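Heads up, the working numbering is the position in the sequence shown plus 102, with the first residue counted as 1.
All residues carry an ideal CB built from backbone N, CA and C; glycine is no exception.
Since the model is a prediction, treat every value here as computed from it, not as a measurement.
Inspection log for the structure reproduced underneath, given as structure tokens.
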Amino acid sequence: MRNWFIKEAAGLPFPLSRCDADPAPQPPPLKERGSRTGGVSGSPFLLGKGVRGLGLFLLLLAGCSQQMAEHAGYKPLRKNEFFADKRASRPVVAGTVARGQLRIDAALYEGLDENGKEVTEFPFEMTKDVLARGKQRYEIFCSVCHGMSGQGDGRVVQRGFTKPPSYSADFSRSAKLKGKDIKLIDIPVGHIFGVITKGYGAMPDLYEQIPVRDRWAIVGYVRALQISQSPELRKKLAEKPAPKKEGAK
Ligand code: HEC
């Protein structure tokens, strides 16, 4: 049966498919072929020679695997024999930084100064637009727990989740853990940024959901909420000399 296919296909103007291991037989001289099949009328399928041949060719093709389409794709974190350490996921090449991932500005990306302390100034200016963005992001990401005004009375909390502290009236719980009594109105802005980035206690981290600049915009808005609700903070700010650092507020 197979040989018969090959014989038929060999008469076609295009070559046999590559997946066929057998050497393609040479087409017999035209005259001989004509006499064998006896033309259209003598065809067992009542089809023209060309059409029948094409059908056979397509049949052969169907059995052929597309080697280039099915190339070896590595699944993440799977075992792979190709590499010496057998890991399909390759580590980042030492001393290189992927495009767009250079994060040397610790104040911006971590909320920390050069000594590793939480920054007290914003890494970029809190303009009206930035604060408007911060308000919008705050209402999306924080208000469900902290409440629209930051009093810790969000919907999730009304249904039984741990009640967060009020931004304007309560003490920082994480500072308390370190034995310090610091009101959230006095907490460095870098701390609030750190809490959003890393989470704290019952609060989940949100670094994956909120890009860096949006996190700062939210911190700006939290500070604005605190200023609007705490006469104590307003007084402190009025007494504080304006910061000299350019671009900070
Ligand atoms: C799923 C609820 C939830 C969401 C969403 C949430 N928080 Fe919290 N947050 C909490 C809880 C609960 C605490 C108190 C944690 C504890 O005491 O274990 C907290 C604590 C805090 C604190 C005080 C940390 C300290 O030092 O005591 C800050 C600041 C804060 N959140 C800011 C934010 C901001 C800004 C957002 C939005 C980007 C946010 N949170 C989103 C639940 C949430």
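Taken in chain order, the complete alpha helix (DSSP H) segments of 4 or more residues contained in the segment 242-267 are 245-248, 257-260. Judged by DSSP in its simplified three-state form, Arg-154 adopts helix. Here Glu-220 carries a strand assignment [DSSP, helix/strand/coil]. In the DSSP assignment, the residues bridged to Lys-181 are Arg-189. Counting the other CB atoms within 10 Å of its CB gives Val-297 a total of 16 or more, which places it among the buried residues. For Leu-335, the uninterrupted alpha helix (DSSP H) run begins and ends at 333-341, by DSSP. Residue pairing by DSSP puts Lys-285 in a beta bridge opposite Phe-273.
Nearest to Lys-230 by alpha-carbon distance, out of Tyr-323, Ile-329, Ser-276, is Tyr-323. Secondary structure note for His-293: its alpha helix (DSSP H) is the uninterrupted segment 291-300. For Glu-212, the enclosing alpha helix (DSSP H) stretches over residues 208-212. Of all C-beta pairs linking the segment 262-281 to the segment 201-209, fewer than three are shorter than 8 Å, placing the two stretches out of contact. Exclusion of the five residues before and after Leu-335 leaves Ile-287, Gln-328, Ile-329 as the residues of its chain whose Cβ lies within less than 7 Å of its Cβ. Shown here for Val-258: same chain residues with a beta carbon closer than 6 Å to its own, the five before and five after excluded, namely Val-246, Cys-247 in chain order. Burial is judged here by how many other beta carbons sit within 10 angstroms of a residue's own beta carbon; Gly-256 has at least 16 and is buried.
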